[in-house]
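Okay, structure first, notes after.
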Amino acid sequence: MKSTLLSAEKACETCSLKSRRASFTSSQFFLVLYWLFLAFSCFLVVSLTHFIPSSVASALFFWRTSSSTYGQKNISNSTANQFDWSTIQPSRYLHFKPCYDDLQCARLEVPLDYWNGTDPDITVTIAIAKLPARVSVTDPRYGGPILIHPGGPGGSGVTSVVKEGKEVQSVVDSLEDPTSVQSKSSAGKYFDIIGFDQRGVGKSSPGAHCFNNRPTREAWALRTVSEGILNSSDAALGRLWAMNDAFGKSCAGNIKQGHEIKQHISTPYVARDMVEIIEKFGEWRHSKALSILSKAVQPQWYHRRCRLPTIHIPQRLAYRPGKERLQYWGFSYGTFLGSTFASMFPDRVERIVLDGVVHPTNNYLWTGNLLDTEKAMEAFYNSCAAAGPGLCALATNGSTSVEIQEKVQSILDSLYHDPLPVPGTDPEIITWTDVKVAIFHSLYTPIDSFPILADIFAQIERRDAHAFASSLSRKHSYACTAANGTTDLAQQDGEALFAIECSDADPQNSMTQKQFDRVWRAQNELSPSIGQIWSELQMVCTGWTIRPKFPFPGLGAKTLTPLLLVGNTADPVTPLVGAHKMSSLFPDSVILTQDSPGHTSTIAFSHCTTTALRAYFHNATLPVKGTVCGVQEHPFGVPLGAHEDHGRLEEMEVASMKAVQGMRKVFGKSGWGLGRGVRGRFEELGMNHEL
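Note that my numbering has the sequence shown beginning at 338, numbered continuously upward.
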């Protein structure tokens, strides 16, 4: 930028100097000063043109775009795992700053309340992370931003981009290297990947706090863990009910009238925040394009005036005030957010993929989520038996799936009254609750987790479970890293999860303990594997009295571009029926079914699925209705589905497979996924490859 401005100044100055006469008179001296003034004016024209979109110049006089340019490695004071967000000043515009080595971050100020006029000057700050596209903004192959949401609710979009942004980009981008001759002559696209921490979550501020400090929060969490899950004892329901009642009422008692984030954290607010993000990105895109294009333009002298030739912004890059559109890939709870956006702003839908689709009508009653859970559990028994003892630690020669199931139940029964003691440097015990929670988490990511789950059962069966106990000890203790022990950020899947889910749900605080006892038992009948755990999500809301300031408007609309919905045949928490019900509310939307157990399409690589996703993001092509995609990865490596994808992968598609595998591993360890935050983070439960 600096060299461009200097060259512009030099060009104008040269222009003026050519007009000088050899000898100077006083009048000529002042004429030269006049020319120099014009040259300086030209310098200012070039400077401001580089920084200010013509369509918003008057409003954005001091707005500057990011100093980093395409093709340069960002230089920052961050590492792959750390970044000081306080170094970014919150703004009403997107001021991107290098972060996390190769990303760009911004903090966007948005109104606390868009609709009720409550304290219009009060704002919240949304943390945003962007993985830049692999081509310049002005490149015809530039596809714009795709916003992603990992689920939760309460999952961190910033963390998602930091940990798996490149993998997401590899799935949605054209397969060709953007620098190759083949790519430059193709119609492929390359996208920015953007993640954001929704209001009240993670790096956004203020956080949805219910505790005054971190030690108190962690102590409460440890006490919750020690109580066990529902049905872990005859006293569990009464104790957990009392704890939820105390938690909810205490959280409500901390509300500051009119300024409380927990009253403005429901999903419609987040959907409205997404409008702000895409609008501000449109302004940024325009300014960035203008900056790039103006570098190639030299100032010229017209009738003693220094002028820059008019720079024409291509229509696809020009900012469209009030008309910017959304490209989005949402997982799990992210499908509820995406469908809410599509319902509220149907004319702003450019592309929306809903992956692992929640049921649109009973999403936050938590009553219809477990319809396919036992299908996923059966996949564990069947694949373990088919794999045999060489691949599944729980199997023996000739084991049947029924025998595997009976062995699992026998091991669980043995722990109910008699936990397994595990002596060591630090003592530990393995309880019935611990193993039930391990089952719960394993169903989300069967390919990676089923072998681990089998190992856990085998360890317990031989009464040597030191590896599992070691991983459990991490959730039975904590280290307070803050200097003063105070809260600075909301937990990723803690209080924010409860604040969001209970705000979106109908009020549950009129339910009695006796009524809830019937509810959880019905859930347990539907899914004996995880019904006790899942029911705790609804129980949390029975003690929650905080209500959102803006009511949920309901789902359904005719969108500008039809939605693409993706669902698995054996998803443990978002059954396929949810995708069909959601699709019925959005005309012309299409469901793509992936024949695999687990939560969301990323739990197993499917050439068929990734090809369909890429085609949709590139040109809005939808798969044929009724399409069922096979997969090329299976638990224990044993194919069981009716629709197997046996096609040979091309070299470029192998990169997509590795990308999906990377996304799956991040998802597995993150704790994202509908409802997973109710019982600890995944990596705390022994469900990793360190066993």
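Ideal Cβ placement from N, Cα and C applies to all residues, glycine included.
Going by Cα to Cα distance, which pick from the options is closest to residue i?
i      : options                        : result
PRO764 : GLY727, THR704, LEU809, THR782 : LEU809
LEU922 : VAL695, ALA443, ALA558, GLY619 : VAL695
LEU735 : VAL634, LYS744, ALA723         : At residue 735 the sequence reads Gly, which differs from the Leu that was named. Out of VAL634, LYS744, ALA723, ALA723 has the C-alpha closest to the C-alpha of GLY735.
VAL997 : GLU687, HIS944, LYS962         : HIS944
LYS625 : GLY481, ALA579, ILE741         : GLY481
PHE777 : GLU711, GLN419, SER522, LYS918 : GLU711
LEU691 : GLY705, PHE673, ASP684         : PHE673
TYR718 : VAL686, PHE787, LEU702, GLY705 : PHE787
ILE867 : ILE883, SER473, ASP709         : ASP709
ALA842 : TYR701, ARG858, ILE784         : TYR701
PRO726 : SER520, ALA791, ARG536         : ALA791
GLN419 : SER428, VAL495, ARG429, SER473 : VAL495
ARG536 : ALA556, LEU445, PHE794, SER522 : LEU445
GLY967 : GLY974, MET989, PHE942         : PHE942
ARG657 : SER631, ARG685, ALA633         : ARG685
ASN706 : VAL910, GLN969, THR896         : VAL910
PRO912 : LEU1011, LEU950, ASP476        : LEU1011
ASN699 : ALA556, CYS839, PHE973         : CYS839
THR604 : LEU901, LEU834, THR896         : LEU834
VAL774 : SER563, VAL518, ARG554         : SER563
LYS526 : LYS632, PHE954, SER747         : PHE954
ALA524 : GLU988, GLU987, ASN956         : ASN956
Spatial neighbours of residue i within its chain, please: C-beta separation below 7 Å, excluding the five flanking residues on both sides.
i       : result
VAL1046 : The shown model of the chain, from 338 to 1028, leaves out residue 1046, and the question about it has no answer.
GLY770  : Note on residue identity: the sequence assigns Thr, not Gly, to residue 770. Excluding residues within five positions, the ones whose Cβ falls inside 7 Å are GLY565, ILE566, SER569.
LYS355  : Confidence is the limiting factor: at LYS355 the pLDDT is only 43, short of 50, which leaves the residue's position unreliable, though a coordinate-based value still follows. So the list is empty, once near-sequence residues are dropped.
VAL499  : TYR437, LEU440, ALA466
THR733  : PRO726
HIS917  : ILE928
LEU731  : CYS721, ILE741, LYS744, ALA791, PHE794, ALA795
For residue i, which residues in the same chain have their Cβ closer than 8 Å to its Cβ, ignoring the five residues on either side in sequence?
i      : result
LYS886 : ASP450, TRP452, ASN453, THR455, GLN600, HIS601
ALA396 : Note that ALA396 scores a pLDDT of 34, beneath 50, so its modelled location is shaky; the value from the coordinates is reported in the next line. Closer than 8 Å at Cβ, skipping near neighbours: no residue.
ILE592 : LYS599, GLN600, ILE883
PHE682 : ALA608, VAL612, LEU663
ASP908 : GLY693, ASP709, ALA713, PRO934, GLY935, HIS936, THR937
ALA583 : GLY880
Are the beta-carbon atoms belonging to residue i and residue j less than 8 Å from one another?
i      : j      : result
ALA466 : LEU440 : yes
HIS486 : GLY671 : yes
LYS962 : VAL927 : yes
ILE741 : LEU757 : no
GLU832 : ALA572 : no
LEU959 : THR946 : no
SER938 : VAL903 : yes
PRO435 : ARG478 : no
VAL759 : ALA806 : yes
ILE784 : ILE940 : yes
ILE870 : PRO490 : no
THR475 : ILE629 : yes
ILE483 : TYR665 : yes
THR782 : PHE973 : no
Could you pull out every residue in the same chain whose Cβ sits closer than 6 Å to the Cβ of residue i, ignoring the five residues on either side in sequence?
i      : result
LEU892 : SER676, SER680, PRO697, LEU922
CYS588 : CYS547
SER738 : TYR718, ASN719, ALA722
LEU385 : Only weak support is given to the placement of LEU385: the predicted model assigns it a pLDDT of 48, under 50, and the value that follows is read from those uncertain coordinates. Closer than 6 Å at the Cβ level, and outside the excluded window around LEU385, lies no residue.
GLU504 : ALA996, GLY999, MET1000
GLY502 : LEU468, ILE530
LYS410 : For LYS410, the predicted structure reports a pLDDT of 39, less than 50, and the residue's modelled location is therefore unreliable. A value from the coordinates is still provided. Result list for LYS410: empty, nothing under 6 Å.
ALA949 : LEU929, PRO960
Does the beta carbon of residue i come closer than 8 Å to any beta carbon on chain B?
i      : result
ASP610 : In the structure shown, chain B cannot be found, because there is only a single protein chain.
task = Check whether the region 598-617 touches the region 661-679, counting contact only when three or more Cβ pairs, one atom from each stretch, lie closer than 8 Å.
result = At 8 Å Cβ cutoff, the stretches touch.
ask   = Which residue spans inside the region 694-751 form an unbroken alpha helix (DSSP H) run of at least 4?
value = 710-724
key: Ranges of the alpha helix (DSSP H) found wholly within the region 496-583, counting only runs of at least 4   = 518-521, 551-564
task = Spell out a yes or no on whether the region 845-862 and the region 740-755 are touching, meaning 3 or more CB-CB pairs, one atom from each, closer than 8 Å.
result = No, the region 845-862 does not touch the region 740-755.
request  = Tell me, please, whether the region 917-933 touches the region 873-882 by the rule of three or more beta-carbon pairs shorter than 8 Å.
outcome  = Result no; under three Cβ-Cβ pairs closer than 8 Å.
query = With contact counted as at least three CB pairs below 8 Å, one residue from each stretch, are the region 523-530 and the region 507-515 in contact?
reply = yes
ask   = Pairing CB atoms from the region 574-591 with CB atoms from the region 858-869, are three or more of them under 8 Å?
value = Contact fails: fewer than three Cβ-Cβ distances are below 8 Å.
request  = At 4 residues or longer, and completely inside the region 909-996: list those alpha helix (DSSP H) runs for me, N to C.
outcome  = 913-921, 944-956
task = Run through the region 633-691 for me and flag every whole alpha helix (DSSP H) of 4 or more residues, listed as ranges in chain order.
result = 670-681
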